[in-house]
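Q:
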Amino acid sequence: MTISKQMNHAVRNASGITKKVLEKKKKIEVDLSQRRTASEEIRKLEERRRTVLQKAKEEAEEALRQSLDEGQKQKQQEDIELEEAIKLSLFEHQIPSDTENNTYTQLSLDDKNEEMEECPELSYKIIGAITHHGFTPNSAKMVEARLGKKVTKNRR
């Protein structure tokens with residue numbers, strides 16, 4: 001083989017190799033571009049996810065605040081109703097109360113027994129009252145109401 005043929009053959013081989021190298025370079029550039037695009041997409045999705053999670057957290061906190069506010073209002077209303085019922089009961093039985101301090105004058109046990117004997121129209125005396133502490137029936141503490149029979153004799 002002559003030198004010119006060898007040179008032509010070498011040029012064709014070099015040309016073929018150059019072509020393959022350029023194709024691989026182009027493929028790598030495309031892959032790199034796709035990776036950059038994919039990376040940017042992932043970053044945007046992560047940012048959106050954080051935004052959505054933050055908004056959901058804020059909405060949940062607001063719902064909890066509203067629920068607690070409603071529960072507090074309901075408890076206050078129940079307390080007011082209980083206080084009014086106690087005042088009405090005390091008024092009906094003519095038991096004095098200190099309304100300024102929302103404390104009720106305590107009668108001694110002997111006074112209560114004597115008063116019960118003096119009021120023949122009463123057949124029961126209140127031993128306890130029903131109270132409800134909590135926002136829902138499942139989370140509340142209930143205090144049982146009990147009625148005792150009228151005291152007819154002082155037991156000492």
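Residue 1 is where the sequence shown starts when you use the UniProt record's numbering, and the numbers rise one by one after that.
Ideal Cβ positions, reconstructed from N, Cα and C, are used throughout, including at glycine.
What is the DSSP secondary structure of Thr2, reduced to helix, strand or coil?
A: Along the sequence shown, one-based indexing puts residue 2 at 2. Thr2 falls in the coil class under three-state DSSP.
Q: Give me the Cα-Cα distance between Lys26 and Ser39, rounded to the nearest whole angstrom.
A: Against the sequence shown, residue 26 aligns to sequence position 26. Against the sequence shown, residue 39 aligns to sequence position 39. If you take the alpha carbons of Lys26 and Ser39, they lie about 20 Å apart.
Q: Using only the alpha-carbon positions, how far apart do Phe91 and Glu59 sit?
A: Position 91 of the sequence shown, counting from 1, holds the residue named residue 91. Position 59 of the sequence shown, counting from 1, holds the residue named residue 59. C-alpha separation (whole angstroms): 47 Å.
Q: Grab me the residues of Thr18's own chain with a C-beta within less than 6 Å of its C-beta, minus the 5 sequence neighbours each way, in chain order.
A: Within the sequence shown, residue 18 is the residue found at index 18, counting from 1. Hits under 6 Å: none found.
Q: Rounded to the nearest angstrom, what separates Ala63 and Glu29 at their Cα positions?
A: As a working mapping, residue 63 is identified with position 63 in the sequence shown. As a working mapping, residue 29 is identified with position 29 in the sequence shown. Computed Cα separation, rounded: 51 Å.
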